[in-house]
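Peer 1: One structure is given below, represented as structure tokens, and several questions about it will come after.
Residue numbers (the working numbering), protein chains in the order written: chain A, 528 to 753; chain B, 419 to 543.
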């Protein structure tokens, strides 16, 4: 069977790299997210440039992964500007692989072939990571626990949800309004002051070392970066 | 003296309006803002910005409808529009990009990412 991949990039040198590294693959090129979303494939492999002209690869991967029809796509991000933390976020938000660009051609090809080999056994989107680990801090979304150095933190359900939201949106400024929309339970009346109170409680629960990573961005909201 | 490119930011959420305006200013642009779509369209016709940052879920009409109206104004027909929104459904993203958006940025956004996109739109290489 011929291996196939959709390659999303507007960069001619990246197109040349893919043609050389993935020789023998059936490649289809898309210069933008718009071109790809016009008729996105529902299965197979998509190699996505992290900086498409109209959308970031990270955002596009998150969109494709959340959508039922495209959730089974194998998503590989490539890019030159992402830090290790950004790359980790790409993977946590739905990408199957991340390569700084240009990747080593042989390693790139081998990983893609392995991904495609495994694709047959994957019928549903990848599970969320079992645990986020940041040094001594371990957060398990499934078990809904946060542990520092073996000591389980006492967080309310809402504080835990806020923590998860920040983890999934690390490095992004999150306003109080967005927290209220995205994290507070529907129907629960709350305002910006309630958010501030919960953030204070969360900081306190996380202790000095990790609580300080949840920064107030004056006049805008909060930013979490570990 | 060369005048700075002007960016119009349209968002009903004051925090995001401030964040986006601050980032556009950091990119070296003059900034005008509107808290809803219809005032945004009117302001765009008056100010003729170089770039429009447009939320999608606005209180009067949607950002997409606002973009359609902007496109009908000859002086704004080719002005780049970047949608920035929490709407991450594939249909929504696809519709926004089909409207000819220069970009589609999901909230909460990475400030550096928005800065890059603003610079690319107002200072094309």
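All residues carry an ideal CB built from backbone N, CA and C; glycine is no exception.
Measuring only between beta-carbons, confirm whether residue 497 of chain A sits less than 9 Å from chain B.
Peer 2: Nothing can be reported for residue 497 of chain A: it is not among the residues displayed for chain A, which extend from 528 to 753.
Peer 1: Quick test of the definition: if touching needs 3 or more C-beta pairs under 8 Å, does the segment 576-589 of chain A touch the segment 521-530 of chain B?
Peer 2: yes
Peer 1: Any C-beta of chain A within less than 8 Å: which residues of the segment 500-531 of chain B qualify?
Peer 2: The residues in question are 504, 506, 507, 508, 511, 512, 515, 516, 519, 520, 521, 522, 523, 524, 525, 526, 527, 528, 529 and 531.
Peer 1: Tell me the rounded alpha-carbon separation between residue 541 of chain A and residue 635 of chain A.
Peer 2: Indexing the first chain from 1 puts residue 541 of chain A at position 14. Indexing the first chain from 1 puts residue 635 of chain A at position 108. Distance between the alpha carbons of residue 541 of chain A and residue 635 of chain A: 13 Å.
Peer 1: Say whether chain B places a C-beta atom closer than 9 Å to the C-beta of residue 611 of chain A.
Peer 2: Residue 611 of chain A sits at position 84 when you count from the first residue of the first chain. Under the Cβ distance rule, residue 611 of chain A does not count among the residues neighbouring chain B, no pair being separated by less than 9 Å.
Peer 1: Using only CA atoms, which one of B/443, B/500 and B/432 lies nearest to residue 482 of chain B?
Peer 2: Counting from one through the second chain, the residue named residue 482 of chain B turns up at place 64. Residue B/500 is the option with its Cα nearest to residue 482 of chain B.
Peer 1: Taking only beta-carbon atoms, is residue 433 of chain B less than 9 Å away from chain A?
Peer 2: Your numbering for residue 433 of chain B matches position 15 in the second chain. Contact with chain A is found for residue 433 of chain B, since one of that chain's Cβ atoms lies less than 9 Å from the residue's Cβ.
Peer 1: For residue 704 of chain A, return the contacting residues in chain B, with the cut-off set at a CB-CB distance below 7 Å.
Peer 2: Here residue 704 of chain A corresponds to residue number 177 of the first chain, with the count starting at 1. Chain B residues near residue 704 of chain A: 431 and 433.
Peer 1: Relative to the C-alpha of residue 748 of chain A, which candidate in A/727, A/737 and A/733 has its C-alpha closest?
Peer 2: Position 221 of the first chain holds residue 748 of chain A. Comparing Cα positions, the closest option is A/727.
Peer 1: Using a Cβ cut-off of 9 Å (strictly closer), state whether residue 701 of chain A contacts chain B.
Peer 2: The residue labelled residue 701 of chain A in the question sits at position 174 within the first chain. So yes, residue 701 of chain A belongs to the interface.
Peer 1: Please list the residues of the segment 430-463 of chain B that have a C-beta atom closer than 9 Å to any C-beta atom in chain A, keeping them in chain order.
Peer 2: 431, 432, 433, 434, 436, 437 and 440
Peer 1: Whole angstroms is fine: what's the gap from residue 750 of chain A's alpha carbon to residue 662 of chain A's?
Peer 2: As a working mapping, residue 750 of chain A is identified with position 223 in the first chain. As a working mapping, residue 662 of chain A is identified with position 135 in the first chain. Looking at the two C-alpha atoms, the distance is approximately 19 Å.
Peer 1: Suppose contacts are defined by Cβ-Cβ distances below 9 Å. Is residue 471 of chain B in contact with residue 428 of chain B by that definition?
Peer 2: Position 53 of the second chain, counting from 1, holds the residue named residue 471 of chain B. Position 10 of the second chain, counting from 1, holds the residue named residue 428 of chain B. Taking 9 Å as the Cβ cut-off, residue 471 of chain B and residue 428 of chain B qualify as a contacting pair.
Peer 1: Return yes when the Cβ of residue 475 of chain B is within less than 9 Å of the Cβ of residue 505 of chain B, no when it is not.
Peer 2: For the purposes of this step, residue 505 of chain B is identified with residue 87 of the second chain, where counting begins at 1. For the purposes of this step, residue 475 of chain B is identified with residue 57 of the second chain, where counting begins at 1. Closer than 9 Å, so yes.
Peer 1: Do the CB positions of residue 741 of chain A and residue 725 of chain A come within less than 9 Å of each other?
Peer 2: Residue mapping note: residue 741 of chain A aligns to position 214 of the first chain, counting from 1. Residue mapping note: residue 725 of chain A aligns to position 198 of the first chain, counting from 1. Cβ atoms of residue 741 of chain A and residue 725 of chain A: not closer than 9 Å.
Peer 1: So, does the CB of residue 534 of chain B fall closer than 9 Å to a CB anywhere in chain A?
Peer 2: The residue you call residue 534 of chain B lines up with position 116 of the second chain. True, the Cβ-Cβ gap to chain A drops below 9 Å.
Peer 1: Assign residue 683 of chain A to one of two classes, buried (16 or more other C-beta atoms within 10 Å of its C-beta) or exposed (fewer than that).
Peer 2: Taking the first chain and counting its residues from 1, one reaches residue 683 of chain A at position 156. By the neighbour-count rule (16 or more Cβ atoms within 10 Å), residue 683 of chain A is not buried but exposed.
Peer 1: Check the Cβ of residue 747 of chain A against every Cβ in chain B and list those closer than 7 Å, keeping chain order.
Peer 2: Residue 747 of chain A sits at position 220 when you count from the first residue of the first chain. Result: 433, 436 and 437.
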